[in-house]
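Enquirer: Residue numbers (the numbering used here): 5 to 354.
Think of the CB as a built atom: it goes at the ideal place given N, C-alpha and C, for glycine as much as any other residue.
One structure coming up, written as structure tokens, with questions to follow.
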């Protein structure tokens, strides 16, 4: 179209020069000047059109590149989800197998105990000692299989921690709300917990981080002050829940109620301000040691899975909460509310 305009203008210029050449020289010069200005404007329009076409092409290429990147990110995201899902399924399989092996071991131990009792009764009757080598062998073999399953589960749990929460360190922030009866009066408080090395107690750490990630502790409370430790439980801090057991049932519905076995490590003992799972084998409740408790828990202590990093003054406020005796327990007169618990740096929890 621009070339056609140029041709028309040139023809007009030629005609004007021929027709008016002798009669209207001055007018012809003006017309020619106008035509030249028009030609110059056409050239500018052509240049702008070329620049617009080049910019349009560049934008199209940029759009295609970004689409390619988006497709690649979506593919990586799908692969990551599939990998995490496979790890979770494998952990569930190992957990079920471990629990089955544990039941089988307990059954074999009960049978061995019964057999030994029968042999003892027989010795009393005959005066001849006997023993079941076969039964002892089965028990030893069963314990070895259980230990192998535990190690396999721990290995997969370490991998799952890294998949979900990165390479560490793993830190949990705890936000509390103290009642009027607390030392210093009512108001907020907080502290952070840094997890133990995942090489020591990965099964317990993963269970605790997953509980926090799903926000199961939001709205729960610290209920007990046992003088050597303060304990948190899935109980609402206002004690007015119209559905008793609702919060604890949320842990069960996500299969995060307790750990599968006691995973204590002597390399991470129950020193002052360490955090551990309460109960047997452990969970969902947890506690903070407010003194060194190396010899409190007997031969099979619960796992210590982390230690208070910042905010020990908040833990000391918990330690100073007034108590009342309920049965054999030292219960806080007024519970301390857990407003929220978050894994620091975990984007999925936001």
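Given a threshold of 16 other Cβ atoms within 10 Å of its Cβ, counted over all protein chains shown, does residue 345 qualify as buried or as exposed?
Expert: Buried, because 16 or more other Cβ atoms sit within 10 Å of the Cβ of residue 345.
Enquirer: Count the other C-beta atoms from every protein chain shown that fall within 10 angstroms of the C-beta of residue 110, then say buried if there are 16 or more, exposed otherwise.
Expert: Label assigned to residue 110: exposed.
Enquirer: Note down the Cα distance separating residue 276 from residue 294, rounded to an integer number of angstroms.
Expert: Roughly 5 Å separates the two Cα atoms.
Enquirer: Taking three-plus beta-carbon pairs below 8 Å as touching, is the stretch 191-206 in contact with the stretch 299-311?
Expert: Yes, the stretch 191-206 touches the stretch 299-311.
Enquirer: Does the stretch 295-307 touch the stretch 170-185, meaning 3 or more C-beta pairs lie closer than 8 Å?
Expert: Contact fails: fewer than three Cβ-Cβ distances are below 8 Å.
Enquirer: My assumption, with CB atoms under 8 Å, is that residue 319 sits in contact with residue 292. Please give the rounded CB distance.
Expert: About 6 Å; that satisfies the 8 Å criterion.
Enquirer: Here's the rule I'm using: 16 or more other beta-carbon atoms within 10 Å means buried, otherwise exposed. How should residue 333 be labelled?
Expert: That one is exposed.
Enquirer: Within the same chain, show all residues whose beta-carbon is closer than 7 Å to that of residue 151, passing over the 5 residues directly before and after it, in chain order.
Expert: Cβ within range, chain order: n/a, list empty.
Enquirer: To the nearest angstrom, how far is it from the Cα of residue 88 to the Cα of residue 158?
Expert: Using only the alpha carbons, I get a separation of about 16 Å.
Enquirer: For residue 274, count neighbouring Cβ atoms within 10 angstroms of its own Cβ and tell me buried if that reaches 16, exposed if not.
Expert: Buried, because 16 or more other Cβ atoms sit within 10 Å of the Cβ of residue 274.
Enquirer: So the beta strand (DSSP E) residue 257 belongs to, where does it begin and stop?
Expert: That residue, residue 257, is in no beta strand (DSSP E); its alpha helix (DSSP H) goes 250-257.
Enquirer: How would you write the range of the beta strand (DSSP E) that residue 180 sits in, first residue to last?
Expert: Run containing residue 180: 175-182, per the beta strand (DSSP E) assignment.
Enquirer: Could you check the C-alpha separation between residue 239 and residue 122 for me, to the nearest Å?
Expert: Spanning the two alpha carbons is a distance of roughly 47 Å.
Enquirer: Given 8 Å as the limit, is there contact between the stretch 183-193 and the stretch 218-233, that is, 3 or more CB pairs closer than that?
Expert: No: the two stretches stay apart, fewer than three of their Cβ pairs being nearer than 8 Å.
Enquirer: Which value, in whole angstroms, describes the spacing of the CA atoms of residue 213 and residue 69?
Expert: If you take the alpha carbons of residue 213 and residue 69, they lie about 38 Å apart.
Enquirer: Does the separation of the CB atoms of residue 218 and residue 161 fall below 8 Å?
Expert: No; because the gap between Cβ atoms is not below 8 Å, this pair is not in contact.
Enquirer: Would you tell me roughly how many angstroms separate the C-alpha atoms of residue 269 and residue 75, rounded to the nearest one?
Expert: Computed Cα separation, rounded: 45 Å.
Enquirer: For residue 314, which beta-bridge partners are listed by DSSP?
Expert: 196, per the DSSP bridge assignment.
Enquirer: Please report the distance separating the alpha-carbon of residue 1 from that of residue 342.
Expert: Past the boundaries of the shown model lies residue 1; the chain is included only from 5 to 354, so the question cannot be answered.
Enquirer: Compare the Cα-Cα distances from residue 145 to each of 324, 108, 180 and report the closest residue.
Expert: Residue 145 has its Cα closest to that of 108, out of 324, 108, 180.
Enquirer: So, at 6 Å on beta carbons, what are the nonlocal neighbours of residue 177 in its own chain, with the 5 sequence-adjacent residues on each side left out?
Expert: Only 196, 346, 348 meet the Cβ criterion.
Enquirer: In the DSSP assignment, find the beta strand (DSSP E) that holds residue 343 and state where it starts and stops.
Expert: Start and end: 333-347.
Enquirer: Quick check on residue 153: buried or exposed, where buried means 16 or more other Cβ atoms within 10 Å of its Cβ?
Expert: Buried, because 16 or more other Cβ atoms sit within 10 Å of the Cβ of residue 153.
Enquirer: Can you name, in chain order, every residue of its own chain whose Cβ lies under 6 Å from the Cβ of residue 205, other than the five neighbours on each side?
Expert: Cβ neighbours of residue 205 beyond the five flanking positions: 267, 269, 307, 309.
Enquirer: What does a CB cutoff of less than 7 Å around residue 324 pick up in its chain, not counting 5 residues either side in sequence?
Expert: The answer, listed in chain order, is 187.
Enquirer: Contact defined as beta carbons within less than 8 Å: I believe residue 99 pairs with residue 225. What is the distance between those atoms, to the nearest angstrom?
Expert: Rounded, the Cβ-Cβ distance is 29 Å, inconsistent with contact.
Enquirer: For the beta strand (DSSP E) holding residue 3, just list the boundary residues, first then last.
Expert: Residue 3 is absent from the structure shown; the chain starts at 5 and stops at 354.
Enquirer: Taking C-beta to C-beta, are residue 164 and residue 91 nearer than 8 Å?
Expert: In this structure, residue 91 lies closer than 8 Å to residue 164 by Cβ.
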